[in-house]
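First residue of the sequence shown? That's 196 in our numbering, and the numbers climb one at a time after it.
What follows is a single structure, written as structure tokens, with notes after it.
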Amino acid sequence: MVELTLPKNSRMVTGKTWPKPQGATNTKKVQVYRYNPDDGKNPRIDTYHVDLDTCGPMVLDALIKIKTDIDPTLAFRRSCREGICGSCSMNIDGVNTLACIRGLDESAGDIKIYPLPHMPVIKDLIPDLTHFYAQHASIMPWLETKTNAPAKEWRQSIEDREKLDGRYECIMCACCSTACPSYWWNQDRFLGPAALLAAHRWIVDSRDEATGERLDDLEDPFKLYRCHTIMNCAKTCPKGLNPAKAIAEIKHMMVERIV
196 MVELTLPKNS
206 RMVTGKTWPK
216 PQGATNTKKV
226 QVYRYNPDDG
236 KNPRIDTYHV
246 DLDTCGPMVL
256 DALIKIKTDI
266 DPTLAFRRSC
276 REGICGSCSM
286 NIDGVNTLAC
296 IRGLDESAGD
306 IKIYPLPHMP
316 VIKDLIPDLT
326 HFYAQHASIM
336 PWLETKTNAP
346 AKEWRQSIED
356 REKLDGRYEC
366 IMCACCSTAC
376 PSYWWNQDRF
386 LGPAALLAAH
396 RWIVDSRDEA
406 TGERLDDLED
416 PFKLYRCHTI
426 MNCAKTCPKG
436 LNPAKAIAEI
446 KHMMVERIV
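Structure representation (structure tokens):
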């Protein structure tokens, strides 16, 4: 019989419950994952009560209010507050999304906030995206050309430009890759939805002259073919993109090369 033992500090425990703001009559309970690698303690779930009458409408507003008015030790990433930068990606009520575009009123009950799943956690809601960024860099996210650069810019027809729609808009928030079971178990070799969506964006760019080399690099049992069209990536993308479709199109191009 197999016996599995989890690391000592791998189990989440109940953390601190902060009191309701004095005089507040319209509050929302927010439960937040907390983890500090420096103290050697188990991850915990802290509970806060946010006064909705003095808070903005989004989950990110609640996190900023918690950090500003209640608990300054809370750590999370954020920047644009407009769904553009991808910094505030996290798991909210079981869904990977951006805290800045998730409304507080979208949760009927308590709000539960965790870092992106299956990623090392630096602290609290901040995942370590080092490997994720390295995978993106590995697909060469730039134009590869052999001819001399034109005097002004590389010309592109309207039709060729439209082929990039649904691909270039990715903000690298990692919501899709961290929602993918195939990526959970194979992220050391499977590039994941985000990197492969970016790869397809450059493969179909009419200005690029390294299509063959890009496809050669993806001809691997794991880099590309661990995608099993589970479709979590398309469901969770905050920009409404479909990485699974882009991956399927890359596979189709692979087949076309040999038949």
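Ideal Cβ placement from N, Cα and C applies to all residues, glycine included.
All figures in this text were calculated on a predicted structure; none of them were measured in a lab.
Where Thr212 is concerned, there is no enclosing alpha helix (DSSP H), although the beta strand (DSSP E) around it starts and stops at 208-212.
Looking at the backbone, the Cα of Thr292 and that of Lys434 are separated by about 10 Å.
Taking every protein chain shown into account, the CB of Ala390 has 16 or more other CB atoms within 10 angstroms, so this residue is buried.
Under DSSP, the beta-bridge partners assigned to Leu293 are Ser284. Excluding residues up to 5 positions away in sequence, Asn204 lie with their Cβ nearer than 7 Å to the Cβ of Gly235 in the same chain.
By the neighbour-count criterion, in which a residue is buried when 16 or more other Cβ atoms sit within 10 angstroms of its Cβ, Phe417 is exposed. Straight across, the Cα-Cα distance linking Pro267 with Lys260 is about 10 Å. Judged by DSSP secondary structure, Gln351 falls outside any alpha helix (DSSP H); it is assigned neither H nor E. Glu404 and Ile398 have their C-alpha atoms spaced approximately 9 Å apart. The three-state secondary structure of Met253, taken from DSSP, is strand. With three or more CB-CB distances shorter than 8 Å, the stretch 299-318 counts as touching the stretch 367-376.
Per DSSP, Thr340 is not a residue of any alpha helix (DSSP H), being assigned neither H nor E. The straight-line gap separating the alpha-carbon atoms of Arg229 and Glu348 is approximately 49 Å. Contact annotation: the stretch 239-253 touches the stretch 211-231, with at least three C-beta pairs closer than 8 Å. Distance from Leu359 to Asp400 at the Cβ level is roughly 6 Å; contact confirmed, criterion being Cβ atoms closer than 8 Å. The Cβ atoms of His331 and Ala429 do not sit closer than 8 Å to each other.
Of the other Cβ atoms in all chains shown, 16 or more fall within 10 Å of the Cβ of Asn286; this residue is therefore buried. The beta-bridge partner set that DSSP reports for Ile240 consists of Thr209, Tyr228.
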